[in-house]
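Asks: Per this note's numbering: the sequence shown ends with 520, consecutive numbering throughout. Heads up, the beta-carbon is just placed ideally off N, CA and C, and yes, glycines get one too.
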Amino acid sequence: MFGQSKIIVGLEIGTSKVCAVVGEVADDGNLSFLGVGTAPSRGSVRKGEIINTELAEQVIHMALADAEERANIEIGGVYLGVTGAHIKGYNNRGVHPIASLEREIDEDDIRKVVHNAQPQLSEDQNVLHTIRQHFGVDGQEGVESPVGRLASRLEVEVHVVCGQTTRIQNPVRVVKGLGIEVEDIAFNGRVSALAAVTPQLREQGVILIDLGAGTTEYAVYLNGSLRHSGVLGVGGEHVSNDIGVGLKLSHGRAEKLKLEYGSAIINPNVAGRTVNFSSDVGLDDKSVKVGHLHQIMNARLAELFRLIRSELMKEELLKRIHGGVMLTGGGALLKNIDKLITKETGLPVVIAEDPLSCVAIGTGK
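1. Is the Cβ-Cβ distance between V315 and A272 less than 9 Å?
2. Name the residue from A341, T500, T370 whose alpha carbon lies nearest to the alpha carbon of V386.
3. Please tell me whether V200 and V177 are closer than 9 Å, where the distance is taken between their beta carbons.
4. I need the straight-line Cα distance from R308 to F290, nearest angstrom please.
5. So, is P423 buried or exposed, given that buried needs 16 or more other C-beta atoms within 10 angstroms?
6. Within its chain, find whatever has a CB closer than 8 Å to the CB of E299; leave out the 5 residues flanking it on each side and keep chain order.
7. Ignoring anything shorter than 4 residues, give me the alpha helix (DSSP H) runs that lie fully in the segment 306-331, in order along the chain.
8. Determine the burial state of T353: buried for a count of at least 16 other Cβ atoms within 10 Å of its Cβ, exposed for fewer.
9. Which partner residues of F290 appear in the DSSP bridge assignment?
10. Just the C-alpha distance for S418 and P252, rounded to the nearest angstrom, thanks.
11. Between L381 and I286, how many whole angstroms is the CB-CB distance? I'm expecting something under 8 Å.
12. Per DSSP, what are the beta-bridge partners of F342 in this structure?
13. Going by DSSP in three states, D365 sits in which element: helix, strand or coil?
14. Using the Cα positions of I168 and K469, report the straight-line distance between them to the nearest angstrom.
15. Between the segment 348-364 and the segment 397-417, are three or more C-beta pairs nearer than 8 Å?
16. Determine whether the Cβ of D183 lies closer than 9 Å to any Cβ atom of chain B.
17. Unbroken beta strand (DSSP E) runs of length 3 or more, entirely within the segment 371-434: which are they?
18. D339 to A306, Cα distance in whole Å?
19. How many angstroms separate the CA atom of G293 from the CA atom of L502?
20. Enumerated in chain order, which unbroken segments of the alpha helix (DSSP H) with a length of 4 residues or greater are wholly contained in the segment 243-271?
21. For K267 and G249, what's the separation of their Cα atoms in angstroms?
22. Tell me, to the nearest whole angstrom, how far the beta carbon of L456 is from that of V400; I am working on the premise that it is less than 8 Å.
23. Could you have a look at M452 and say whether DSSP puts it in helix, strand or coil?
24. Does DSSP put G334 in a helix, a strand or coil?
25. Would you mind listing the beta strand (DSSP E) stretches within the segment 191-225 that are 3+ residues and don't spill past its ends, in chain order?
26. Which partner residues does T483 have in the DSSP bridge list?
27. Suppose the cutoff is 8 Å on Cβ atoms and the five residues either side in sequence are ignored; what does the same chain contact list for K161 look like?
28. Once the 5 residues before and after N281 are set aside, which same chain residues still bring their CB inside 7 Å of it?
29. Within its chain, find whatever has a CB closer than 8 Å to the CB of V269; leave out the 5 residues flanking it on each side and keep chain order.
30. When the Cα atoms are used, what is the spatial distance from A211 to I205?
31. Taking the alpha-carbon of G231 as reference, which of E410, A374, V164 has the nearest alpha-carbon?
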């Protein structure tokens, strides 16, 4: 604590790197950033989930130590972002009868109806977020604040984000093993949306897509509230893997080729163009057709965005989105990625700026 201010630390354990962000919240609610610490994940994380606990402890410690040095503080607790293909979003409805027609709806009624809206999940599932969308009062839908109204029946629509309990607890246990408290946990896709999407766009309808290294998270806002969310276990690393396999290159070479010459759409102007580079030790020099590179990248990325489009069409949301797509994450800076998304969804795309420079090309979750 500094006076009336409060120190908050956000921690994200990503596929390519771990990132710790230190912020200071003043008594007036304003937030200022004090420092950002990062460390490469070094293979300890795959598709946003820890696969090597010992190595993950090391890189998390490195990122936190870096953040402490830059912010000149000692970190005792963090707010932990989580992801993974096990995380799902559901819409559900809750009903709560009001005992007397002469009694006004109060906050206790609100708590009860939201509780009744919780879906029936299996024992191995854990709720991360329950986000209210709108209320219904005696058949009147779209009520934003029912407190103080007379009614006999109160209803609520909610969006629930949940995941597999053990897979959520794994990163929590690793962080706590370092002597760091986990103040709370949050779904990375929702956090990204809250940071990048303006209230106006949430009203118009917007799709936030966070394209990281190992996962792609998406969150759909409409009429100011979260309507749909999910995670796909595909990201920039998979594009690099496809390039490596298709062109018979090492992962490092494939990543470099993706960043320097890659494109999410196939550019007919590069037909016949080749890229020549010296070989690894003991191998002949290599020549790669740029058009072939673009085909490989386009196939994987187009499939990814078609999966998201299919989900939104199933939920009858795509045609109701008027604010476009907000794209963030390391993969957001791949060449022509915005054009590909527009082609697949029919929506304009804005690349979200990263004021912390915490996400670099080819990195992310």
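Replies: In this structure, then:
1. Their beta carbons are under 9 Å apart, which means V315 touches A272 by this criterion.
2. Restricting attention to A341, T500, T370, the CA atom closest to the CA of V386 is found in T370.
3. No, Cβ-Cβ distance for V200 and V177 is not below 9 Å.
4. For R308 and F290, the distance between alpha carbons rounds to 11 Å.
5. Exposed is the call here.
6. Excluding sequence neighbours, E299 sits near H289, F290.
7. Counting only runs that start and end inside the segment 306-331, the alpha helix (DSSP H) elements of at least 4 residues fall at 320-331.
8. Flag for T353 reads exposed.
9. Assignment of beta-bridge partners to F290 by DSSP yields V298, V311.
10. Near 56 Å, if we compare the C-alpha coordinates of P252 and S418.
11. At roughly 5 Å, the Cβ-Cβ gap stays under 8 Å, so L381 and I286 are in contact.
12. DSSP, once it has assigned bridges, lists V237 as partnering F342.
13. In the structure shown, D365 adopts extended strand secondary structure according to DSSP, grouped into three states.
14. The straight-line gap from Cα to Cα measures roughly 31 Å.
15. The way I'd put it, the segment 348-364 doesn't touch the segment 397-417; fewer than three beta-carbon pairs between them come closer than 8 Å.
16. Structure shown: chain B not included; a single protein chain is present.
17. Taken in chain order, the whole beta strand (DSSP E) runs of length 3 or more contained in the segment 371-434 are 371-377, 380-387, 429-432.
18. Here the alpha carbons of A306 and D339 stand approximately 35 Å from one another.
19. Per the sequence presented here, residue 293 reads as Asp, with Gly not at that position. Cα-Cα distance, rounded: 37 Å.
20. Counting only runs of 4+ residues, the alpha helix (DSSP H) found wholly inside the segment 243-271 occupies 262-271, in chain order.
21. When rounded, the distance between both Cα atoms is 9 Å.
22. 16 Å between Cβ atoms; not a contact.
23. Three-state result, M452: helix.
24. Reduced to three states, the DSSP call for G334 is coil.
25. Runs found: none.
26. Per the DSSP secondary-structure output, T483 pairs in a beta bridge with D365.
27. Excluding sequence neighbours, K161 sits near E179, V180.
28. Same-chain partners within the cutoff: C317, G318, T320, I323.
29. Hits under 8 Å: G249, T285, R287, V311, V313.
30. Between A211 and I205, the alpha-carbon positions lie close to 7 Å from each other.
31. Closest by alpha carbon: V164.
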